[in-house]
Each structure stands twice: as C-alpha cells, then as structure tokens.
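Structure first, then comments.
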Amino acid sequence: MRIAVPNKGRLHEPTIDLLERAGLHLENGADRKLYADTVDPDVSVLFARAADIPEYVADGAADLGITGYDQVCEAGVETVEELLDLEFGRCRLVLAAPEDGDIDGVEDLAGKTIATEFPNITRDFFADTGVEPAIVEVSGATELTPHVEMADAIVDITSTGTTLKMNRLAVVDDVLSSSVRLFGREDVLEDPKVDEVRTALASVKQAEGKRYLMMNVPQDRLEAVRDVIPGLGGPTVMDVANGEGEKVAVHAVVDERDVFETITDVKNAGASGILVTEIERLVE
C-alpha cells in the first residue's frame with residue numbers, strides 16, 4: 000500500500016507528523032527522497048507535489064493520497080474517493096477584486112478576466128452562476144494581476160485574508176472551502192490495509208483535544224463522582240488492588256477544555272489520587 004504525501008510546503012510537516020503519531024513511522028527518512036518505507040512492511044510513502052497527488056493516485060502510482068481538497072477538485076479525477084477529513088490545512092478559495100474598483104458581485108464579472116491557479120474550479124464555479132468571464136491561468140503571484148492590468152479579479156487561496164488586504168483586494172464571493180483529506184482510488188477501497196490506515200489516522204484526530212483522567216473513589220461516593228464527569232459514554236469503574244472493596248478506580252476521557260473544572264468537581268465529590276494524561280490515539 001503506497002501513500003502519496005506532499006513533499007514540501009505548508010502541508011508537508013503536518014502530514015509527516017500525523018503519520019508518525021498514527022504509528023506509521025518513516026524508517027529511512029523523508030529528505031530528498033522519492034519513497035520512504037514505514038515500520039509497517041506493507042505500507043510505503045511516496046513524496047510528490049501536493050497538486051500532483053490526485054493524479055498519482057488515479058494513475059496507480061499510489062493507492063492512497065493525502066492532500067488538500069482543493070487540489071483534488073482542481074485535478075478533476077473521477078476514480079478517487081474521499082475517505083477522511085484530516086482537519087488541518089484549512090483554507091478558502093475566494094473570488095476577489097480590487098477594493099476600490101467597481102466589481103461588487105459575481106454578475107459584474109461578465110466579459111471580464113479572472114486570473115487563477117485553479118482554472119478548473121473557477122470554471123465550475125462560474126458555470127453555476129451563468130456568468131461567463133475569461134479565465135487566465137497563472138502560476139504564482141495571483142494577487143498582483145489586477146494591479147498590472149492582467150485581470151479584473153482573481154480566484155485564489157486565503158487562510159487569514161492578510162495577503163488580500165495587503166494587496167488591496169476584497170472578497171466578492173466564496174468559491175470553495177478546503178482542508179487536507181485522505182482519499183483513495185476506487186479499486187483499492189476494499190483492501191483491509193486501507194481501513195487500517197484510515198482507522199490509524201482517524202484515531203489520532205479523535206484523540207486531539209482529549210485527556211484521560213484516572214482517580215480513586217470511595218464506593219459510597221461513586222455516584223456523586225459519576226454525575227460530574229463529562230466522559231465519552233460514561234467512566235470506566237474498576238476495583239482497586241488491596242482496596243478491600245472500599246475504593247474503586249475510575250477512568251474517563253474528557254475534553255481538554257473541561258479538565259480544570261472536572262478535577263475540581265470530582266475532588267469535591269470525594270475523588271483522590273487524580274491523574275491526568277495525554278491521549279495519543281483514540282479508536283471509537
């Protein structure tokens with residue numbers, strides 16, 4: 000099973016970190032290499048440009064791919080299927096025009112020129128509006144094109160909007176919301192290894208923002224403690240060794256943002272020996 004991942008750029012490090020946390024440690028490194036083995040002898044990694052990954056998967060050079068949803072949409076491949084939203088690399092593709100210009104809506108772009116690195120997504124967007132601008136593909140510095148009279152507006156990626164503001168551009172409309180996704184080719188989706196990889200990555204995402212609480216609780220205070228723990232499906236209760244039946248061990252998974260208040264509540268309810276630990280992976 001070969002997984003294509005970004006070889007550089009803002010998505011590279013978060014993707015490698017996710018694979019590592021999911022247990023797919025890269026055994027022979029990632030620097031300046033095309034392939035890398037993992038600790039799983041049945042899984043290897045292929046490094047490629049983020050924009051090329053959908054085609055690599057569709058053509059069979061890789062079985063799974065990790066890249067932005069915008070790249071999958073732009074590639075327009077029909078033989079890949081999204082398997083999991085990995086929830087990082089979030090951004091928007093927006094239609095933007097000079098803030099001091101006369102373009103206030105999509106309808107103002109009829110017969111105008113749009114510059115973009117995403118011509119296919121842009122064509123699909125305007126096909127749904129009935130407006131027909133000319134679309135010019137550029138390979139970088141898209142935000143400069145309206146100021147050098149190459150285009151009347153742009154379709155480009157924005158995360159915070161800072162670059163648009165610096166270039167005196169205002170958002171006219173949202174085109175697409177994107178994040179990094181795991182996707183696979185249709186003919187490999189029944190392979191058990193695909194489900195193993197998806198489950199491993201999902202377990203990391205599910206553990207994010209969660210903490211594991213352990214504590215000792217007197218039997219007669221167990222219900223009071225249970226009532227104040229906002230756990231996943233309720234806490235787990237076990238006998239304490241040498242506790243002579245007077246105490247039980249209570250374990251629970253709680254949201255990180257609830258930990259401070261929960262510790263105070265369970266302590267007031269009678270718990271002691273409270274321990275909080277991070278969770279690396281959580282399989283539901």
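So in numbering that gives the first Met the number 0 the end of the sequence shown lands on 283, straight run, no missing numbers. Ideal Cβ placement from N, Cα and C applies to all residues, glycine included. Computed from a prediction, not measured in an experiment: that's the story for all the values here.
Residue environment, residue i, which counts as buried when at least 16 other CB atoms sit within 10 Å
i    : result
T121 : buried
M214 : buried
G75  : exposed
G272 : exposed
S138 : exposed
P191 : exposed
Sub-8 Å separation of residue i and residue j beta-carbons
i    : j    : result
L163 : A96  : no
A49  : S43  : no
P229 : T198 : no
G269 : V224 : yes
E98  : R167 : yes
V38  : E26  : yes
L63  : G183 : yes
T196 : I15  : Thr is not the amino acid found at residue 196; the sequence shown has Val there. No; because the gap between Cβ atoms is not below 8 Å, this pair is not in contact.
Where residue i sits in the DSSP three-state scheme
i    : result
P5   : strand
E189 : coil
S43  : strand
V137 : coil
S158 : coil
D238 : strand
H24  : coil
Best match in the options for proximity to residue i [C-alpha to C-alpha]
i    : options             : result
K204 : V224, G22, V4, E245 : G22
A126 : Q218, S177, E106    : E106
D103 : R91, D58, V171      : V171
I134 : P118, M149, A140    : P118
E207 : G8, A3, R20         : R20
S178 : I65, H24, K7, D51   : I65
V247 : G129, L33, M237     : M237
Beta-carbon separation (whole angstroms), residue i vs residue j, contact threshold 8 Å
i    : j    : result
A366 : L212 : Residue numbering for the chain in the displayed model covers 0 to 283; residue 366 lies beyond these limits and cannot be assessed.
R91  : T157 : 6 Å
A60  : L82  : Incorrect: roughly 18 Å between the Cβ atoms, too far for contact.
C72  : L175 : 6 Å
Proximity test, Cβ basis, 8 Å: residue i and chain C
i    : result
V236 : You won't find chain C in this structure, because it holds only one protein chain.
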